[in-house]
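Undergrad:
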DNA sequence: CGTCCACAGGAAATGTAGGTCT
DNA sequence: AGACCTACATTTCCTGTGGACG
């Protein structure tokens, strides 16, 4: 008997629970899709088309709706000889500036030609823009440019200024760029420079978070395909929907939860997926997220975390940033590592707060002691120490902290909670 | 009601490491 | 080789601010 056997007790076909799955119809987004369609209609009519911006948190259907609309648009456009349409999709997930987006666009446009990809540094911005206009012109016709997760470029929004004007400024002659921007961040709109704002936000479509009912309606058809009949207990889908709704309202989160619950059930050779598996899945996913968050910190981040863990092990929390900084410097000295400025440590602390690793309390004692923040771990000390101990550099220090914590009986409660 | 503490956090400068072009 | 480009972490400099105190 092999170590790996095919085991299909629970899943019939896990694909509908995959992140990349594209359902053939989109549920609970009728109004948004209708708006979207109206915004794209001029392309078929060969009329000038506004740029479109989609806003909404992750997992609210922006990307999936766009893929859906574009694939319909492409098939329908093919029916008309005088409509020349191409689409271009760039995810800005790892692109932090207009420059990088422009490079990515050029490389995407060059992909099917034999031409070389261009490098991500070295050229001047104008040069990259010129290359981009050149490629666009060669393509010609209406070119839909989807910039997914565009908020990643932050304040550097030159490309959003340049592209929409490329035609009116005669940078391109044969191409009509239409930009579809997708943003997870509401505030992105506010932070755009004014000259960009009015051109770009011509048509805006808002994707609000899903509520529990909507999530159920999204999950049900997928669940039906993914699992064998009768495997899912009645409460499972509603519970996944409820967890995701009260947390983020994200369909992605709800789907992951459902899949994880199924995987746990399958791993345990269970006959059916019960509510308990959903709860386990929720814990498991949360735990993974925190572990990953901690592991991906830089050495400096680890040192800051280590300093906080030290104070936690002495039960000296919450601790104000000044004292934490002193401890951090001592730890760096001991590890023979460079230490960074207090300002930079504040940034690391703020990052870790965003990740949900630590909690911040604002204190204010007026003119006697001023304003300051106090910090404490928001994850079990044991979990932090595990990560640090698996990081060469911190192995020894983490060991010392662990024994201190044991002396003070500060680890037991953690283990049961984790 | 204004003052003023001690830091939070914004903005810009700096340094180092990548690259292209002529 | 030297001029000139961006990226990214960090430093430097600074303005903003909530509430206890007077």
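Residue numbers (our numbering): 2 to 419. Glycine included, every Cβ here is placed at the ideal spot set by N, Cα and C.
For my contact list, residue 102 and residue 160 are in at a C-beta cut-off of 8 angstroms; report their separation, rounded to the angstrom.
TA: 5 angstroms
Undergrad: Report the three-state DSSP secondary structure of residue 187 (helix, strand or coil).
TA: coil
Undergrad: Based on DSSP bridge pairs, tell me the residues matched to residue 177.
TA: 143
Undergrad: Between residue 67 and residue 100, what straight-line distance do the alpha-carbon atoms span, to the nearest angstrom?
TA: Rounded to the nearest angstrom, the two C-alpha atoms are 24 angstroms apart.
Undergrad: Let me make sure I understand the geometry here. Which of 238, 65, 196 has the alpha-carbon closest to that of residue 216?
TA: 238
Undergrad: State whether the stretch 197-212 contacts the stretch 158-176, with contact taken as three or more CB pairs (one from each stretch) at a distance under 8 angstroms.
TA: yes
Undergrad: Which runs of the beta strand (DSSP E) fall wholly inside the stretch 292-380 and span at least 3 residues, in chain order?
TA: 359-365, 372-378
Undergrad: Return the chain-ordered ranges of every alpha helix (DSSP H) run that is complete within the stretch 221-275 and spans a minimum of 4 residues.
TA: 237-248, 252-268
Undergrad: So what does DSSP say about residue 59, is it helix, strand or coil?
TA: coil
Undergrad: I need the DSSP call for residue 122, collapsed to helix, strand or coil.
TA: Correct three-state label for residue 122: coil.
Undergrad: According to the Cβ coordinates, are residue 322 and residue 362 closer than 8 angstroms?
TA: no
Undergrad: Rounded to whole angstroms, what is the Cα-Cα separation between residue 330 and residue 32?
TA: Each residue's Cα considered, the two are about 55 angstroms apart.
Undergrad: Assuming residue 234 contacts residue 276 (C-beta within less than 8 angstroms), just tell me the rounded distance between them.
TA: 7 angstroms
Undergrad: Count Cβ pairs between the stretch 137-148 and the stretch 165-176 that sit closer than 8 angstroms; are there 3 or more?
TA: yes
Undergrad: Considering only the beta carbon of each residue, do residue 220 and residue 256 sit closer than 8 angstroms?
TA: With respect to the 8 angstroms criterion, residue 220 and residue 256 are classified as neighbours on the basis of their beta carbons.
Undergrad: Am I right that residue 52 and residue 203 are in contact with their C-beta atoms under 8 angstroms? What's the rounded C-beta distance?
TA: 5 angstroms
Undergrad: What does DSSP give as the partner residue(s) for residue 12 in the beta ladder?
TA: 228
Undergrad: Quick check: what's the CA-CA separation for residue 193 versus residue 313?
TA: 41 angstroms
Undergrad: For residue 379, which residues in the same chain have their Cβ closer than 7 angstroms to its Cβ, ignoring the five residues on either side in sequence?
TA: Excluding residues within five positions, the ones whose Cβ falls inside 7 angstroms are 357, 358, 359, 360.
Undergrad: Hey, could you find the ends of the beta strand (DSSP E) residue 91 is sitting in?
TA: 86-92
Undergrad: For the structure I just gave you, are there three or more beta carbon pairs, one from the stretch 43-58 and one from the stretch 179-186, closer than 8 angstroms?
TA: Enough Cβ pairs lie closer than 8 angstroms, so yes.
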